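Protein chains in written order, with numbering that gives the first Met the number 0: chain G, 0 to 515; chain R, 0 to 515.
Backbone N, C-alpha and C define an ideal beta-carbon position, used for all residues, glycine too.
Keep in mind that this is a model prediction, so the values were computed, not measured.
There are 2 protein chains.
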Amino acid sequence: MFSFGIRNSIPKSAIFRRLVACPCFLPNRTITMAAVSRKYKVVNTPTVYFGTFIHSYCDDPSKLDVCEEGAIGVNSDGVIEFVERHAKDAATVIEKHPEFKTAEFFQAKPGGTQFFFPGFIDTHIHAPQYPNAGVFGSSTLLDWLTKYTFPREASLSSLSVARTIYSRCVARTLSHGTTTAAYYATIHVPATNLLADICSAAGQRAFVGRVCMDHKDINPDYYRDESADESITNTCLCIDHIKKIDPNYELVSPIITPRFAPSCTTEALEKLGKLVKETGLPCQTHISENRNEIQLVKKLFPEYDSYAEVYDAFGLLTPKMILGHAIHLSKKEMDLIKSRDAKVSHCPVSNSALTSGGAKVRWLMNGGVTVGLGTDVSGGYSPSILEAVRATTLVSRHVALSDGDECKLSVEESLYLATRGGAKVVNLENKIGGFEVGMEWDAQLIGLELVETTGGEPTEEEVVDKVVFEGPKSAGPVDVFGWESWDDKVAKWVYNGDDRNTLAVWVQGRKVWSRE
Amino acid sequence: MFSFGIRNSIPKSAIFRRLVACPCFLPNRTITMAAVSRKYKVVNTPTVYFGTFIHSYCDDPSKLDVCEEGAIGVNSDGVIEFVERHAKDAATVIEKHPEFKTAEFFQAKPGGTQFFFPGFIDTHIHAPQYPNAGVFGSSTLLDWLTKYTFPREASLSSLSVARTIYSRCVARTLSHGTTTAAYYATIHVPATNLLADICSAAGQRAFVGRVCMDHKDINPDYYRDESADESITNTCLCIDHIKKIDPNYELVSPIITPRFAPSCTTEALEKLGKLVKETGLPCQTHISENRNEIQLVKKLFPEYDSYAEVYDAFGLLTPKMILGHAIHLSKKEMDLIKSRDAKVSHCPVSNSALTSGGAKVRWLMNGGVTVGLGTDVSGGYSPSILEAVRATTLVSRHVALSDGDECKLSVEESLYLATRGGAKVVNLENKIGGFEVGMEWDAQLIGLELVETTGGEPTEEEVVDKVVFEGPKSAGPVDVFGWESWDDKVAKWVYNGDDRNTLAVWVQGRKVWSRE
Numbered sequence: 000m001f002s003f004g005i006r007n008s009i010p011k012s013a014i015f016r017r018l019v020a021c022p023c024f025l026p027n028r029t030i031t032m033a034a035v036s037r038k039y040k041v042v043n044t045p046t047v048y049f050g051t052f053i054h055s056y057c058d059d060p061s062k063l064d065v066c067e068e069g070a071i072g073v074n075s076d077g078v079i080e081f082v083e084r085h086a087k088d089a090a091t092v093i094e095k096h097p098e099f100k101t102a103e104f105f106q107a108k109p110g111g112t113q114f115f116f117p118g119f120i121d122t123h124i125h126a127p128q129y130p131n132a133g134v135f136g137s138s139t140l141l142d143w144l145t146k147y148t149f150p151r152e153a154s155l156s157s158l159s160v161a162r163t164i165y166s167r168c169v170a171r172t173l174s175h176g177t178t179t180a181a182y183y184a185t186i187h188v189p190a191t192n193l194l195a196d197i198c199s200a201a202g203q204r205a206f207v208g209r210v211c212m213d214h215k216d217i218n219p220d221y222y223r224d225e226s227a228d229e230s231i232t233n234t235c236l237c238i239d240h241i242k243k244i245d246p247n248y249e250l251v252s253p254i255i256t257p258r259f260a261p262s263c264t265t266e267a268l269e270k271l272g273k274l275v276k277e278t279g280l281p282c283q284t285h286i287s288e289n290r291n292e293i294q295l296v297k298k299l300f301p302e303y304d305s306y307a308e309v310y311d312a313f314g315l316l317t318p319k320m321i322l323g324h325a326i327h328l329s330k331k332e333m334d335l336i337k338s339r340d341a342k343v344s345h346c347p348v349s350n351s352a353l354t355s356g357g358a359k360v361r362w363l364m365n366g367g368v369t370v371g372l373g374t375d376v377s378g379g380y381s382p383s384i385l386e387a388v389r390a391t392t393l394v395s396r397h398v399a400l401s402d403g404d405e406c407k408l409s410v411e412e413s414l415y416l417a418t419r420g421g422a423k424v425v426n427l428e429n430k431i432g433g434f435e436v437g438m439e440w441d442a443q444l445i446g447l448e449l450v451e452t453t454g455g456e457p458t459e460e461e462v463v464d465k466v467v468f469e470g471p472k473s474a475g476p477v478d479v480f481g482w483e484s485w486d487d488k489v490a491k492w493v494y495n496g497d498d499r500n501t502l503a504v505w506v507q508g509r510k511v512w513s514r515e
Numbered sequence: 000m001f002s003f004g005i006r007n008s009i010p011k012s013a014i015f016r017r018l019v020a021c022p023c024f025l026p027n028r029t030i031t032m033a034a035v036s037r038k039y040k041v042v043n044t045p046t047v048y049f050g051t052f053i054h055s056y057c058d059d060p061s062k063l064d065v066c067e068e069g070a071i072g073v074n075s076d077g078v079i080e081f082v083e084r085h086a087k088d089a090a091t092v093i094e095k096h097p098e099f100k101t102a103e104f105f106q107a108k109p110g111g112t113q114f115f116f117p118g119f120i121d122t123h124i125h126a127p128q129y130p131n132a133g134v135f136g137s138s139t140l141l142d143w144l145t146k147y148t149f150p151r152e153a154s155l156s157s158l159s160v161a162r163t164i165y166s167r168c169v170a171r172t173l174s175h176g177t178t179t180a181a182y183y184a185t186i187h188v189p190a191t192n193l194l195a196d197i198c199s200a201a202g203q204r205a206f207v208g209r210v211c212m213d214h215k216d217i218n219p220d221y222y223r224d225e226s227a228d229e230s231i232t233n234t235c236l237c238i239d240h241i242k243k244i245d246p247n248y249e250l251v252s253p254i255i256t257p258r259f260a261p262s263c264t265t266e267a268l269e270k271l272g273k274l275v276k277e278t279g280l281p282c283q284t285h286i287s288e289n290r291n292e293i294q295l296v297k298k299l300f301p302e303y304d305s306y307a308e309v310y311d312a313f314g315l316l317t318p319k320m321i322l323g324h325a326i327h328l329s330k331k332e333m334d335l336i337k338s339r340d341a342k343v344s345h346c347p348v349s350n351s352a353l354t355s356g357g358a359k360v361r362w363l364m365n366g367g368v369t370v371g372l373g374t375d376v377s378g379g380y381s382p383s384i385l386e387a388v389r390a391t392t393l394v395s396r397h398v399a400l401s402d403g404d405e406c407k408l409s410v411e412e413s414l415y416l417a418t419r420g421g422a423k424v425v426n427l428e429n430k431i432g433g434f435e436v437g438m439e440w441d442a443q444l445i446g447l448e449l450v451e452t453t454g455g456e457p458t459e460e461e462v463v464d465k466v467v468f469e470g471p472k473s474a475g476p477v478d479v480f481g482w483e484s485w486d487d488k489v490a491k492w493v494y495n496g497d498d499r500n501t502l503a504v505w506v507q508g509r510k511v512w513s514r515e
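Right, dumping it as structure tokens:
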């Protein structure tokens, strides 16, 4: 299906402190890890990637930068050392970069059907809800939480259940090209630690958040923190665990996670705000997803003018805050969010599924708010950011029906949100989201199907007497006929593509997924 | 991946008059047909299907009828002869139906991950536009026609181009479980005949329409009929061809196809109306898709009160008319359509993509209008009716945001539209869309993935020292964990499924697709 080039890019001599095999998740194969990397450190064989590279410009969401016949050199730390835009000849590239003389080569298949693209960044996903994907009926946010979500999350008190769910979720998201994910876990410390372990073992860049929810009137008795102190103590236990396995948070980082304002007491919000300040850690929560939820916030926090002000009052509205949804914000709230440089995770699949509303993404972007994309599994039914990209363009068209044509988001803009935008949301825009010198090699190789033509012009007799009928030649869902520009091919990928088109995935230079 | 049961269901002795092989379109295999069935006639080996059968009730769109451990007997004409709802024991079934003593058996895999479902009915698809799927930029209907669509359709003046596109399109739609399609072709007679030939060879039930468009001011010079007479003459040539290959229209039928009111002169509309009356053939066109289009109709046909009245005036609004889109209809138009028993094809993927609007499907259904689903490739980017089902639920939720909760369509209702509804739209509700005695076996076998759990509860030590990481075990996108009801599993299929879940497809009892 695709060429792995001259040498395999998996380093034979990769060194992981305390052992980790490179998890190449092949279909029909189980990988058992005898021990999890407790101190994360990867050393890769330097690799030069040859082929077509496509990414968003860092300062212009409206266009894609296409580099055909390029070469990118990635060093043993997984950092891009050079980008050559004209690299027909590998020898010349190596001559120019002699430090890559002993590097491995990875050549994408020539012929215009394969390209490298930055890994996707999922800025909002609930890993424990993964088994519920697609099961939401006609519910909306608040009844959905009670009926489907709390019971599911509560089941992760069992580590066996957590292991099954989290390993599947991480494997699936990787297979969809998600190289970075901001995960909500559950209230359970062991299960949350396990999710961090699994991300570390799988090589997925992750923010792992132990969910805080101590409000007795809002959360069910069977699934909540006993007190604000328990919220804090258990959050700290998870932070400690991640510090042990990845002391510099190079791959996996804790993220402080008040579920959403109504689920927390003011005491918990206050203490979590302090924890954010003390630790400098990122934070994530929900905002303005559903009109009934907004009413609930008004009722529970009558002293504040708006939902955004609640978070701000407790010191939670910082540049490291990821706010999920942000559908029904007032102008004043948007301005507040902008002034604090808090970030927004747009979750269009979820917003359509739960009838939450159409977020005004163009309005947020024009207002200077940083936006990325989230799958919001399982409010969102799909673990694929490519599906979120598709939904971003479609939901924006529904918004445009009432708010005007300028609300439409293009394929290019939506892909920007999935990569550069997401990188900004998780404050890693200098490391991931694009292919520039000094950034890390978080990438996916995309492959499309070339439809073969079946011979020349048939004669009139052949039309009726000899029809050549040809079925799809491979499992990939995107057909390319040969006339398409790169922009057309990218659009075809966005609208008809799926995980079958994601042939390989790398994080920090390490290959973490391959379909071969 | 799935069991084919005791014997393979492809009849070894299948007799096709002038037809050679059963086109089992396997990935990575090309099937060449030396001759096309000119007189369509299939004789199958009688087969008994065992397993779980799920279909919509014919009179209640809100629920699915699930028959676990059922058996369905299909005779040599592809007609269902018996349905047994409790068939644990094959011997008892055969004892009760001795005429199936020598039948083949087809057993779906037990264990709750496979089920038979009626084949999908695509009531609106433009086969020549298939290569454009996903390529529409930010266009809306009228500029989309000019920029993307007319140039693509014009290229099918080449039979070689038509052969490549049509064979791929039919293979793809079959792989998505589309057992019946109402195709728009182009203005070209040879290419349109070729599409009919390909459907006949592939075994897909199809309505094939040669497109009529003779208006000099609306259609481009390079792609239109020279006159109303040419519209009629060339339509008749295509009817004659299909009559030759399938005299009783058992599998492939002609369908009279004025593109849409603006593209035709009043002379052409008048003559096409007469042709509909004389031949009794079905008819298809577009209505009320886009607000600018509606204005254009008003301008071109000032003497009529509405878009629907234009068609009615020319005798085109009959029970055999399929109206694509019907988004912005007035109440009066809906009542007219209802009174004529004309049918509506809802195309939600296209309507979102081209920013056409959200069709008020609940309103149409409550008004007594018969509705089915269409992919509308390539206004719609996907050839999959499953995607259209998904989009039906989502678009209905966007409509609900403004028009109220009762507008939401459930998974069950959307699947009804894709099967029973579609069958009514093409006036074949007594033959297809469900599993009842006397109906034909147009079906698909659906398979989901069972996620295996990885052992029992780990000890605290194992949590940190022994993580079992497991990748997806197969290529299928839908994960089942074991706790799901059939309704849950169907919802998971609708929201995360794709052609990988469609393991096999039958039309009139003949297996026309298999993923094995």
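Check, Outcome
"Short-range partners of chain G found in the stretch 110–143 of chain R, where Cβ spacing is below 7 Å", "P130, A132, G133, V134, S137"
"D213/G beta carbon less than 8 Å from that of D224/G", "yes"
"Interface positions of the stretch 387–399 of chain G facing chain R (Cβ-Cβ less than 7 Å), listed along the chain", "L393, R396, H397, A399"
"Neighbouring residues, chain G, relative to R480/R (Cβ below 7 Å)", "The amino acid at residue 480/R is misidentified as Arg; the sequence shows Phe. Under the 7 Å cutoff, chain G gives P130."
"Chain G contact for D498/R (CB, 8 Å cutoff)", "yes"
"Rounded C-alpha distance that separates I53/G from S409/G", "16 Å"
"With 16 other Cβ atoms within 10 Å as the buried cut-off, status of I5/G", "Summary for I5/G: the model assigns pLDDT 29, below 50, so the residue's position carries little reliability; its value from the coordinates is reported in the next sentence. When all chains shown are included, I5/G counts as exposed."
"Interface flag, Y221/R vs chain G, CB-CB below 8 Å", "no"
"Straight-line Cα distance separating F99/R from G72/R", "7 Å"
"C-beta atoms of L353/R and S287/R nearer than 8 Å", "no"
"Sub-8 Å separation of G315/R and L268/R beta-carbons", "According to the sequence as given, residue 315/R is Leu; it is not Gly. The answer is yes: Cβ separation under 8 Å."
"Stretch-stretch touch, CB-based, cutoff 8 Å, three pairs: the stretch 136–151 of chain R with the stretch 504–513 of chain R", "no"
"Unbroken beta strand (DSSP E) run spanning H96/R, endpoints", "Neither: H96/R is in no beta strand (DSSP E) and is coded neither H nor E."
"Whether D58/R touches T374/R by CB criterion (8 Å)", "no"
"For V160/R and Y147/R, believed in contact at Cβ under 8 Å, the rounded distance", "About 16 Å; that fails the 8 Å criterion."
"Cβ contact check for the stretch 253–273 of chain G and the stretch 227–244 of chain G: 3 or more pairs under 8 Å", "yes"
"Length of the line joining the Cα atoms of S305/R and T418/R", "30 Å"
"P253/R (DSSP reduced to helix, strand or coil)", "strand"
"M320/G: first and last residue of the uninterrupted beta strand (DSSP E) it sits in", "320–324"
"Bounding residues of the alpha helix (DSSP H) (the contiguous stretch that carries A170/G)", "158–174"
"R151/R: first and last residue of the uninterrupted alpha helix (DSSP H) it sits in", "149–153"
"Element boundaries [alpha helix (DSSP H), containing I79/R]", "First-last for I79/R: 79–83, but that is the beta strand (DSSP E), not the alpha helix (DSSP H)."
"Rounded straight-line distance, which links the Cα of K62/R to that of S166/G", "34 Å"
"Stretch pair the stretch 390–405 of chain R + the stretch 336–351 of chain R: three plus CB contacts closer than 8 Å", "yes"
"Beta-carbon proximity of G50/G to A89/G, cut-off 8 Å", "no"
"D478/G - DSSP class collapsed to helix/strand/coil", "strand"
"Cβ of G356/G within 8 Å of any chain R Cβ", "yes"
"Cβ distance (whole Å) where T191/G is taken to contact A184/G below 8 Å", "4 Å"
"Spatial distance of R37/R from K242/R (CA atoms)", "Unreliable placement is indicated for R37/R, whose pLDDT of 42 sits below 50; the coordinate value is still reported in the next sentence. Distance between the alpha carbons of R37/R and K242/R: 9 Å."
"Chain G contact residues for P476/R, given Cβ-Cβ distances below 8 Å", "D497, D498"
"Q283/R - containing beta strand (DSSP E), residue span", "282–286"
"CB contact below 8 Å: V504/R versus chain G", "no"
"Contact list for V493/R against chain G, beta-carbon separation under 8 Å", "G133"
"Inside the stretch 290–368 of chain G only - alpha helix (DSSP H) runs reaching at least 4 residues", "290–299, 306–312, 330–339, 347–352, 360–365"
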